[in-house]
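Protein sequence lines correspond, in order, to chains A, B, C and D.
Numbers 1 to 403, taken from our numbering, label the letters of the first sequence in order.
Numbers 404 to 806, taken from our numbering, label the letters of the second sequence in order.
Numbers 807 to 1209, taken from our numbering, label the letters of the third sequence in order.
Numbers 1210 to 1612, taken from our numbering, label the letters of the fourth sequence in order.
We treat Cβ as the ideally placed atom computed from N, Cα and C, and that holds for glycine.
A short worksheet on the structure shown next.
There are 4 protein chains.
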Amino acid sequence: MEQALRKIINDPVYGFITINDPLIFRLMAQPVYQRLRRIHQMALAHLVYPGAVHSRLHHSLGAYHLMCQAVAELRLKGIDISPDEETAVKAAILLHDIGHGPYSHALEYTLIPGVQHETLSLLIMQQLNDLLDGELTLAIDIFTNQYHKPFLHQLISGQLDMDRMDYLTRDSFFTGVSEGVIGYARILKMLHVHEGQLMVEEKGIYSVEKFLVARRQMYWQVYLHKTVLASEKMLVKIMERVHELYPLNGTSLSINQPLDYFFQEFSGEMTKTALENFCRLDDADILFAIKKWASFSDPILSLLCTSLLNRKLYKTSLQTQPFNATKIALLEAEILSRYRVDKKDLHYYIFCGETANTTYTPEHEKILIIFKNGMIKNIAEIDNPLIHQTLSMPVKKFYICHL
Amino acid sequence: MEQALRKIINDPVYGFITINDPLIFRLMAQPVYQRLRRIHQMALAHLVYPGAVHSRLHHSLGAYHLMCQAVAELRLKGIDISPDEETAVKAAILLHDIGHGPYSHALEYTLIPGVQHETLSLLIMQQLNDLLDGELTLAIDIFTNQYHKPFLHQLISGQLDMDRMDYLTRDSFFTGVSEGVIGYARILKMLHVHEGQLMVEEKGIYSVEKFLVARRQMYWQVYLHKTVLASEKMLVKIMERVHELYPLNGTSLSINQPLDYFFQEFSGEMTKTALENFCRLDDADILFAIKKWASFSDPILSLLCTSLLNRKLYKTSLQTQPFNATKIALLEAEILSRYRVDKKDLHYYIFCGETANTTYTPEHEKILIIFKNGMIKNIAEIDNPLIHQTLSMPVKKFYICHL
Amino acid sequence: MEQALRKIINDPVYGFITINDPLIFRLMAQPVYQRLRRIHQMALAHLVYPGAVHSRLHHSLGAYHLMCQAVAELRLKGIDISPDEETAVKAAILLHDIGHGPYSHALEYTLIPGVQHETLSLLIMQQLNDLLDGELTLAIDIFTNQYHKPFLHQLISGQLDMDRMDYLTRDSFFTGVSEGVIGYARILKMLHVHEGQLMVEEKGIYSVEKFLVARRQMYWQVYLHKTVLASEKMLVKIMERVHELYPLNGTSLSINQPLDYFFQEFSGEMTKTALENFCRLDDADILFAIKKWASFSDPILSLLCTSLLNRKLYKTSLQTQPFNATKIALLEAEILSRYRVDKKDLHYYIFCGETANTTYTPEHEKILIIFKNGMIKNIAEIDNPLIHQTLSMPVKKFYICHL
Amino acid sequence: MEQALRKIINDPVYGFITINDPLIFRLMAQPVYQRLRRIHQMALAHLVYPGAVHSRLHHSLGAYHLMCQAVAELRLKGIDISPDEETAVKAAILLHDIGHGPYSHALEYTLIPGVQHETLSLLIMQQLNDLLDGELTLAIDIFTNQYHKPFLHQLISGQLDMDRMDYLTRDSFFTGVSEGVIGYARILKMLHVHEGQLMVEEKGIYSVEKFLVARRQMYWQVYLHKTVLASEKMLVKIMERVHELYPLNGTSLSINQPLDYFFQEFSGEMTKTALENFCRLDDADILFAIKKWASFSDPILSLLCTSLLNRKLYKTSLQTQPFNATKIALLEAEILSRYRVDKKDLHYYIFCGETANTTYTPEHEKILIIFKNGMIKNIAEIDNPLIHQTLSMPVKKFYICHL
């Protein structure tokens, strides 16, 4: 009766997600995909927003669901999307974040310096493509923007792609920050394609305005919330300290083969072995490690680990101007005198930096609007001061964290 | 300006949770409380409902929030609740589940046979009470129902307590199973106290009816969903296998001190050491262990661990009648022949059992209704066939899981 | 660019309703359809639930939207529905309630005794069919269940039709009675067709259970809420009194041509003139009339009208047993003595009656379930005591209303 | 058992609204208050947003509910609000819009030229105060900002008052325009009082930003939506035409005593008689009149009325620049030639104008922010470009409507 290959997944955000494509089922069955269940979408944001514990797998399914809707809407408007293209663009969005490792953004560039998660996603997609006898070739072409219909790539990676449409909606839902609600349903209805480019119908301008403002709010209220920032920077410091201690204390710090690999052997080059080890890691390994290191003899490592576990986070300030050097010096002096800290280790107790919406690159902030009369404009040229302002707004803040 | 001791926590379920009691802040700062962040409220239910990844800490905060509202509502109705009682009942609900260990219900009685989590909650509350110089004495009296105002205990543990009010609401929210929505806001408005007993006003009967039906739906659609059941039983089998293998393979199976303790030393008696070790464990330890054991040489252990990690779960059936012995025998024979399994290990590949709503005990299903004319009736005596039916409904099902 | 014939309507219940069928646009442009804007979906329920002011037109659009989804779901499951059938079944659901007059159910059988609204819907559909050169012929065949695919009719009128799916969802939404939420999204996913009959997949049983319980709750908490009942019975009494007074006071009671017609000329036969006059009436005429009659010289009429306008409603009791004759007699005596009421007019000051879910007819309560193995059962034969109970539950209550 | 004077009203927006103040019950029982049930909160917006049919009474209850919450929050922060002040400020918010007449804003200044609804609210409050033996004196002092605690007035009328907090939330809810969601719960938590002035805590800045953007979106997407605008301007034209025709056609145009009064006798002075007549009018009278006038012999009046009833609205354009005179002239010429329209009546067939957020007055846009260090700033001085931009944004647009 019911077709074998139709599965309905309850999603508190969208109601139900329907899977009915054999390739999608095969991808979801891969261990490297199931591993996304064990990676938090929002790293340590749950220390501030207790509901923000949803997984990368859940986000992946959500973006997939929006892609299904976007494809259906565009077809209703007469845009030609073949069944193969449909499957490929769905597979590509499902896997777009497969290259994320433990604690996602928080440890990006820390475990594997200099390599961004998109690159890793591509490497993993290529491996899966070998495994699946080339079934992902078109998906990879779309993912890498080599396909002759650019709008398919733009649905995966662009200013209004299904990735950010889902993560803003989902992160807003699980944090309970209503300011981040973006009205995805209306934006989806307003999508259009003209000469191969994804664009938005004129009457969708207010929805785009809302989207940009909501994204901005999510950055400052959630993603770059000072306490979230502090906890994630402390996590980076933990990894840094282990790297430093590892040469002399390998045996005591050892966790398991794949994690040890990155402290001991990894040359920085993304070899097959490096990728294999990377794919075996998830949040559980790091969390377990932190619990173990919390009782390690090094006072710096144990302080950082214990503090993070028990949510006794460093004091943090965040502001739009750089911090005054004198103020920093005073704080440093106080820490040195109070905690008998070695000067060379001071950076574990107090550290400054800049933070910015890293995915936010104004020059790429290109959203095309198509008017009733057929005219097309980049949204930056539209006579809408609120959008201008949001687009040109400072995206950088300065932070200081200290014991 | 703003009082130091007022904190607002975003909760996607209730909007905002306000903490403004010094004792509650102190309790929340305890490592044993923060550990609840690392224990899933719904164990492995996220394998079916990907959103169901919320933590025990989140549930604890939610139940605390409902308690704040219940106390406020009852006071508006003239019920006397002193400031000390208020603090105590809030502390007690915050800690009511503090005795849950890794994977909560799924491993209850497995790690520590014969001891239910409420007993452990009490032991931990007593330890905290020592630490906090007796500040929890009244909370413990209420928790153990030794206080002279029974309704305070009933708000923590009873048919309409804040615990189940929150978990049904929260689990329904995070799974996306709308059938589980209970209408907590209305029930809270309908609570009353008469001669020290918690009861519900007459016009709240339909809300109680809804509550009972919703709870029933959550049991069969979520808590006892056959795939959730299968995964949690497989987790138990993993622990069982490790117990069996440990005497001869301790070194290779070893994870960390507290977990090893339960395989190696634990006598079954809840000593101080046992409790200390227990309080150091959370989901991360078990999950890490499963990842490690997945490559252990024992084929049974590695099969179970790999299957669980990659969500290749045993086939499962669930029905209201016991399974036919012949059918079981046939399945067993097939497994024996197909997988070259040792007969004594067959129970790792195929197992049957009963499942029931363990917290559901009809004899305790006492909900008092107070009528406009002052008359009081147990809900079981009310002329409402739907409630009767729900109360007297079979709560047991039989399952079979096999490779 | 955007197709002329695609319109998106914001709906707080479902998000967006898309209209893209030329026939639907033509139907919506008819004055007789626009008139549904001026008829409350829930008559006087807003006197208790202030949000319940949504219109018949809104319900019509909602049922239409669910029909679009149902058709899409069934097609995904391989059920053959031709484009013409799709348009017809959508047109039929859009018009299914077009025969409702002022205050819908509350005045059904009062303005036009003995004729139910479905009959009037059919008459109006036939008129529109003439106007639209037969474009509604197939829709009418489906509406009257003369088409050879019964499931299309069942989607319009059956136990799980789009009509009640929408009204339960919508009425629950606008009243704020969360007990009435039915989980329509899941039921839609579970629909199936076998040998031309609409049915529900086995795993949808809990959703059907939820649906039946929710419907029951809406009846007793909302539709038959004693205060709603009182107000709607008072409205009927107003009409009754005007009928009685009209022969002698026509000029003073006169409102406008179409309403006067029903007090003065209407023979009971549904002539073309009667239908024309009926289609010119909506809630505004009745409400205006009540405001006028509130200052008419007859004390009974002015009392009833003033009370209704100012929400000073009669005292009302509702119970499962008939009211005791002695109790009624005592109340009557009191009213006679206190208000100097003429005995023959007593029924305007005190009246009893039965109320029941009029659309609820157990013998028709046939919901077919299709099992994985292909077996089909009526839901009444399913081993689910809660469903049995809900189905066999008393649907009648007795009321008494008095000054 | 339950106190007589506690009533819980279901509200789909906030869940439940609790009434427990005797004065509030008395006010709600007044016919002049119950009349708000019969006035749409959003006039004719339901012609575009079918859900927007909620009443002024519902908004009044919602604003009252938010006031209850605001008072509770402020008290928790140590702000002194006496029981009498509490009752008064609740009464004042309940009655703040009591001076609205039929179709609220749409006919403001049309029925009673030159008098805004706040003035009428005050007149009615004074009448009620006489009736209630001075119980409203303090409420009136607060309403007119004569009380020595200005923050109480600011909660009723100010940039972040409970009036606009409710109407934005409620209108967004009933229209289904998610862009208008303001996050009222968080703003309420952030309110504070310093030296008698209402202000917002520093960490509420993003919520205020969200509020300002949401309000802006509601203006352009909903309140000033071109089709809503067209319908409401057509309603004004209807009234204008009736005024013009009345001297010669009084008898045929007559509706009822209070409405006739405003066409026939009303001098422009707000006498007791004028106020009495005004208080007897609501949407039903106007709607009934339009239905009657639709068949009146004057082609202009019948065209306008028929068009409005059947939602065949004038074509409308809306833009930020004034319309080009040549373009207008061309349109006029076309109408003159096509419809044989008398030149002096042309303004009934084509009309231009400006529209603006009338309640939006930049000079009053004063929202005070209180910083952690005690410093207070007007929000316009805050370093937040998005807020600046929103505040200084053009609030005026130009429209043209024509047959």
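A check of alpha carbon separations from L632/B across D414/B, K592/B, L656/B, S720/B identifies S720/B as the nearest. Rounded to whole angstroms, the separation of the alpha carbons of S610/B and Q557/B is 18 Å. D1375/D is positioned such that its CB atom lies no closer than 8 Å to that of I1365/D.
DSSP places D972/C in the helix class (H, G or I) of the three-state scheme. Annotated three-state conformation of M1276/D is helix, per DSSP. Annotation for E381/A: no alpha helix (DSSP H) segment contains it, and DSSP assigns it neither H nor E. Looking at the DSSP output, K1203/C shares a beta bridge with T1161/C.
When 7 Å is used as the limit between beta carbons, T719/B is near no residue of chain A, the shortest such separation being about 16 Å. Distances from the CA of G418/B to each of A1238/D, D1491/D, R1395/D, Q1473/D were compared; the closest alpha carbon is that of R1395/D. A distance below 8 Å separates the beta carbons of Y909/C and L1041/C.
In the DSSP assignment, K694/B falls within the alpha helix (DSSP H) that extends over 686–696. Boundaries of the beta strand (DSSP E) around E201/A: 197–201. If you keep only unbroken alpha helix (DSSP H) runs of at least 4 residues inside the region 693–726 of chain B, you get 702–712.
Taking a contact as a CB-CB distance under 8 Å, the pair I1248/D and D1492/D counts as one, their CB atoms being some 5 Å apart. In this structure, DSSP gives T674/B a state outside helix and strand, which the three-state scheme calls coil.
Contact annotation, H462/B with V456/B: C-beta distance approximately 12 Å; criterion of less than 8 Å not satisfied. The DSSP-derived three-state label of D939/C is coil.
For T490/B, the uninterrupted alpha helix (DSSP H) run begins and ends at 486–497, by DSSP. For D414/B, DSSP records a beta bridge to G418/B. Within the same chain, and ignoring the five residues on either side of F262/A in sequence, the residues whose Cβ sits closer than 6 Å to its Cβ are L111.
For H556/B, the enclosing alpha helix (DSSP H) covers residues 553–559.
8 Å or more divides the Cβ of E201/A from the Cβ of I376/A. Note on geometry: alpha-carbon atoms of I1141/C and Q1426/D lie some 56 Å from one another.
Sequence-distant Cβ neighbours of R35/A in its own chain, meaning closer than 6 Å and more than five residues away, are D282. In the three-state reduction of the DSSP assignment, H1031/C falls in the coil class. Listed in chain order, the non-local C-beta contacts of A294/A below 7 Å within the same chain comprise S302, C305, T306, L309, local neighbours out to five positions each way being set aside. Under the 8 Å criterion on CB atoms, F1068/C is classed as non-interfacial with respect to chain D. Here V1028/C is not near G1074/C, since their CB atoms are 8 Å or more apart.
One Cα belongs to S337/A, the other to L403/A, and the distance between them is close to 13 Å. K1398/D belongs to the set of residues whose beta carbon lies under 8 Å from a beta carbon in chain B. V435/B sits away from C804/B, with the two beta carbons spaced by 8 Å or more.
Contact between G99/A and H117/A holds: their C-beta atoms lie close to 4 Å from each other, under 8 Å. Boundaries of the alpha helix (DSSP H) around H105/A: 104–107.
Between the alpha carbons of Y1557/D and E1449/D lies a distance of about 9 Å.
A residue is called buried when at least 16 other Cβ atoms come within 10 angstroms of its Cβ; A1315/D meets this threshold and is buried.
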